[in-house]
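>
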Amino acid sequence: MNKLPHNARVFVWIVWGLGIASLVLAGLVPQRTVAPAKAWELGLLILLGILAGGTKIRLTPRKTAESMGLLSLGFALIFAALLRLGPTAALWVGGASTLASCLFPRRQPFHQILFNLALNVIATFTTGQVFLLINGGTLELHPVGSLLAVMLSSFTFFLISTGAVAAAVALSTDQNPPRLWRDSFLWTAPSYFASASAGTLAILILGRHVGTVLLFVTPVACLTYLSYTLQARSVEEKQHHIEELEVNQAQLSSALEREHRIAEALQRALLIHIEERDFPGLDVASIYEPALNEALVGGDFFDVFSLPGGETAFVVGDVSGKGLAAATRTAEIKFVLRGYLRDDSNPACALERLNRYVHNARQLDGEDTPGFIALSLIVVDARCEAIRMAAAGAEPPLALRTGGETLVLDRGGMVLGVDSECAYDLTALPFAEGDTFLMFTDGFTEVRKESVWLGYEGFTQLVEQSASARPARKAADAILEQVRTFSGGELQDDACLLMVHRPAPVEPCSLHQRPALTHA
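Taking my numbering, I'd label the letters of the sequence shown as residues 400 to 919.
(1) Quick check: what's the CA-CA separation for serine 633 versus arginine 506?
(2) Taking 8 Å as the cut-off, decide whether the C-beta atoms of alanine 548 and isoleucine 533 are in contact.
(3) Which partner residues of lysine 848 appear in the DSSP bridge assignment?
(4) What does a CB cutoff of less than 6 Å around alanine 790 pick up in its chain, not counting 5 residues either side in sequence?
(5) Can you tell me whether DSSP reads methionine 898 as helix, strand or coil?
(6) With distance defined between alpha-carbon atoms, name the residue in Gln650, Arg728, Trp415 and Ala712 nearest to aspartate 677.
(7) Assuming tyrosine 855 and glutamate 751 make a contact with CB atoms under 8 Å, what is their CB distance in whole Å?
(8) Which residues does DSSP pair with leucine 799 in a beta bridge?
(9) DSSP three-state label for tyrosine 823, please.
(10) Using alpha carbons as the reference points, say which of Ala480, Ala425 and Leu417 lies closest to leucine 446.
(11) Note down, in chain order, each residue of its chain lying with its Cβ closer than 6 Å to the Cβ of glycine 545, except the 5 sequence neighbours on either side.
(12) Put glycine 816 into one of helix, strand or coil per three-state DSSP.
(13) Pick out whichever of Asn754, Pro577 and Asp699 has its Cα sitting closest to the Cα of aspartate 818.
(14) In the DSSP output, what is tyrosine 739 paired with across the bridge?
(15) Give a yes or no on whether the minimum CB-CB distance between valine 409 and chain C is below 8 Å.
(16) Taking the alpha-carbon positions, what's the phenylalanine 557 to glutamine 648 distance?
(17) Classify glutamate 794: buried if its beta carbon has 16 or more other beta carbons within 10 angstroms, exposed otherwise.
(18) How many angstroms separate the CA atom of alanine 877 from the CA atom of valine 862?
(19) Note the first and the last residue of the continuous beta strand (DSSP E) segment covering aspartate 582.
(20) What does a CB cutoff of less than 6 Å around glutamine 430 pick up in its chain, not counting 5 residues either side in sequence?
(21) With distance defined between alpha-carbon atoms, name the residue in Phe509, Asn401, Tyr687 and Leu551 nearest to aspartate 841.
(22) Could you round the C-beta distance between serine 886 and alanine 874 to whole angstroms and report it? I think they count as a contact, below 8 Å.
(23) Which partner residues of phenylalanine 713 appear in the DSSP bridge assignment?
(24) Identify whether glycine 698 lies in helix, strand or coil by the three-state DSSP scheme.
(25) Quick one: using the 10 Å Cβ neighbour count with 16 as the cut-off for buried, is valine 779 buried or exposed?
(26) Alpha carbons only, please: which of Asp809, Phe478 and Thr801 is nearest the one belonging to glutamine 528?
(27) For threonine 844 and glutamate 642, what's the separation of their Cα atoms in angstroms?
(28) Spell out the partners DSSP gives arginine 787 in its beta bridges.
(29) Start and end of the beta strand (DSSP E) containing alanine 793?
(30) According to DSSP, simplified to helix, strand and coil, what is leucine 866?
(31) Return the residue from the list Arg761, Val568, Pro577 and Met788 that minimises the CA-CA distance to proline 746.
(32) DSSP state of aspartate 682, grouped into three classes?
(33) For glutamate 539, which of helix, strand or coil comes out of DSSP?
(34) Give me, in chain order, the residues of the same chain whose beta-carbon lies closer than 8 Å to that of glutamine 881; leave out the 5 immediate sequence neighbours on both sides.
(35) Between alanine 489 and the rest of its own chain, which residues show a CB-CB distance below 8 Å, the 5 nearest in sequence each way excluded?
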């Protein structure tokens with residue numbers, strides 16, 4: 400009792416008090432019977448009630464199939480006693496069956512035994528008084544006039560019994576009482592009406608002898624018992640299925656969380672931090688913005704690294720997918736490309752080799768629908784004031800000239816891995832003082848505000864408004880802020896951007912020092 404919450408203890412005390420009051424009133428109200436009660440009839444009903452287990456009520460939110468079935472069978476006996484022997488005899492039958500259910504097969508705590516007994520006394524006494532009130536103060540049955548009394552009295556028993564149990568369980572487990580009653584008890588209402596109707600019809604048709612009444616009531620009670628058992632079994636199976644789903648969901652969530660942490664750690668390792676002094680003669684800024692504040696586990700990436708001969712490679716790519724698979728594929732692409740470029744700094748040749756590598760790797764891995772890998776690559780030789788560029792299905796880079804002209808470098812080839820024989824064009828451009836090259840993924844161009852998309856042209860206009868800020872870090876931040884303002888604060892996809900600016904003249908090199916601008 401002390402383990403129950405305060406509100407539940409108060410409710411149990413109230414039920415105990417009402418049960419005592421009902422016993423007192425039952426002794427004060429005159430006994431009404433159809434015929435003089437016979438001791439053997441009362442004894443038989445009490446014995447059957449004990450065997451049935453009574454209204455096996457527990458202060459727990461779940462019931463077994465056995466207890467749910469015995470609930471309906473016990474009420475059939477109580478109502479039969481009410482109609483044959485009167486309200487007082489019904490109290491004896493209900494009390495005996497309830498006490499039996501509390502002691503067998505396992506004894507319940509003492510406070511639950513008292514609660515169940517008090518509740519049964521309340522429900523049985525009130526049911527008898529409602530029947531007498533509606534039926535004109537008599538237990539005599541009329542084919543039509545007593546129908547309303549049967550319905551209302553059985554409904555009263557159902558409402559008191561199930562409502563009090565639902566309230567006790569809800570108060571004990573901090574649940575909503577009406578919702579708990581609706582979900583756990585409302586479906587049992589027909590069994591109460593069926594049991595009461597069976598007793599009524601038995602008395603009308605077969606007479607008032609308790610033996611003939613029981614012959615009529617027993618089949619209905621058995622059918623009701625079976626319906627309870629089937630429903631209870633269904634509820635238990637559903638509950639078991641829900642518990643299995645919850646366990647599986649917890650295991651899946653745990654696995655996803657582990658993958659999430661691994662992917663995040665891997666992606667953080669791949670996102671290099673660019674310092675101004677890292678690339679003399681160049682002002683470089685980068686942005687990586689994960690979508691909707693997710694962890695850094697997307698497929699967008701960038702890379703900046705030095706090559707033999709004083710050149711610098713700038714890479715922006717987009718590997719389809721999310722999570723650990725995208726992060727591992729990103730790492731693979733970045734480091735394979737680094738090896739190819741350090742072997743031959745020609746961007747077109749490097750992309751052709753990388754394309755064959757991705758295509759062959761997919762065939763070896765047995766991937767039928769692998770997604771895509773889009774990538775743009777620029778190799779800068781600041782000393783010679785030139786860049787070389789190649790692209791594979793990526794957003795075309797932008798070149799912002801000193802005089803204010805904006806060029807779209809739309810010379811990209813097919814995404815990587817689709818066709819092993821795909822060729823990629825090499826583009827050579829001057830890189831004069833004040834020029835800026837901008838590489839980015841579609842996370843910037845495909846942002847939208849409601850149904851309006853920014854698009855490539857809209858993004859280009861935002862770049863032209865913000866790219867003149869210096870240093871490049873300030874310009875890149877201004878571009879990101881403009882895009883966020885357009886989209887309402889959040890990006891719908893991962894977004895990656897590299898800005899390369901040539902802020903001052905560099906020492907010119909002779910013609911024979913210039914890198915070849917053709918395919919190797």
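Cβ coordinates follow ideal geometry from the N, Cα and C atoms, glycine included. Model, not experiment: these values are computed from the prediction.
So, from the data block:
(1) Serine 633 and arginine 506 have their C-alpha atoms roughly 26 Å apart.
(2) yes
(3) Paired residue(s): Val851.
(4) Ser775 and Gly811
(5) In this structure, DSSP gives methionine 898 an extended state, which the three-state scheme calls strand.
(6) Ala712
(7) Not a contact, Cβ separation roughly 26 Å.
(8) Thr805 and Thr835
(9) coil
(10) Ala480
(11) Position check: residue 545 holds serine in this sequence, whereas glycine was assumed. These residues qualify, in order along the chain: Asn534.
(12) coil
(13) Asn754
(14) Its beta-bridge partners do not exist; DSSP assigns none.
(15) Given the protein chain composition of this structure (a single chain), no chain C is represented.
(16) 38 Å
(17) buried
(18) 9 Å
(19) First-last for aspartate 582: 576 to 583, but that is the alpha helix (DSSP H), not the beta strand (DSSP E).
(20) Gly485 and Thr487
(21) Tyr687
(22) About 19 Å separates the two Cβ atoms, so there is no contact after all.
(23) DSSP, once it has assigned bridges, lists Val703 and Ile777 as partnering phenylalanine 713.
(24) coil
(25) buried
(26) Phe478
(27) 45 Å
(28) Val778 and Ala827
(29) Here alanine 793 belongs to no beta strand (DSSP E), and DSSP marks it neither H nor E.
(30) A small correction: the amino acid at residue 866 is alanine; leucine does not occupy that position in the sequence shown. It is coil, neither helix nor strand.
(31) Of Arg761, Val568, Pro577 and Met788, the residue nearest in Cα terms is Met788.
(32) DSSP places aspartate 682 in strand when its eight states are reduced to three.
(33) coil
(34) Leu861, Gln864 and Ser865
(35) Ile477, Phe478, Ala480, Leu481, Thr523, Thr526 and Gly527
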